[in-house]
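Residue numbers (the numbering used here): 15 to 172.
See below for the structure under consideration.
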């Protein structure tokens, strides 16, 4: 290859929880470069999760991290042309792609919910995902099913 891979820029941890994962999530949630708005939405959602949670031994941030790990896919299907036919080939996912895919799904399905504010939608989706239910977890299950169904084509891997 001519060009080198771009090097990862270090993310600043967020002000409240001092966690880089939170910053990454907020960056993904942000619209039109409005980071402070995105942070407010995230922190409000975490406060709502704190109120609505039922187990006292976990903090709201831990519940959010559980939700994220419940949404994380381990395999995905990639399209590959082999002799005129397109096959869906199951592939392992890189760790950083797992995290970003999980975040995308969590945010995307939060936006599609019908609560009043984005903070309430995000909180509801996080609580659902932490209990292994909700649309984002369903997406992961469907992705895994798709990979399982196409396991016969895994020998086409490149």
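Glycine residues also receive a C-beta, built at the ideal position from the N, C-alpha and C atoms.
Annotated three-state conformation of residue 131 is coil, per DSSP. In this model, residue 76 and residue 128 are separated by some 25 Å (Cα to Cα). Pairwise C-beta distances place the segment 105–120 in contact with the segment 72–88, as three or more of them are shorter than 8 Å.
Looking from the CA of residue 80, the closest CA among 89, 101, 67 belongs to 67.
Contact between the segment 92–111 and the segment 40–49 is absent: fewer than 3 CB-CB pairs across the two stretches fall below 8 Å. Residue 56 sits in a helix when the DSSP states are folded into three classes.
Your pair residue 104 and residue 32 does not check out as a contact, with CB atoms roughly 37 Å apart and the cut at 8 Å. Taking C-beta atoms as the reference points, residue 150 and residue 59 fail to come closer than 7 Å.
Where residue 117 is concerned, the enclosing alpha helix (DSSP H) starts and stops at 109–126. Of the residues 145, 122, 140, 102, the one whose Cα lies closest to the Cα of residue 170 is 102. Its chain contains 52, 53, 56 as the residues whose beta carbon lies nearer than 6 Å to that of residue 40, once the 5 sequence neighbours on both sides are disregarded; these appear in chain order.
The straight-line gap separating the alpha-carbon atoms of residue 71 and residue 147 is approximately 21 Å. Residue 96 is positioned such that its CB atom lies no closer than 7 Å to that of residue 160. Relative to the Cα of residue 28, the nearest Cα in the group 162, 123, 38 belongs to 38.
The straight-line gap separating the alpha-carbon atoms of residue 24 and residue 30 is approximately 18 Å.
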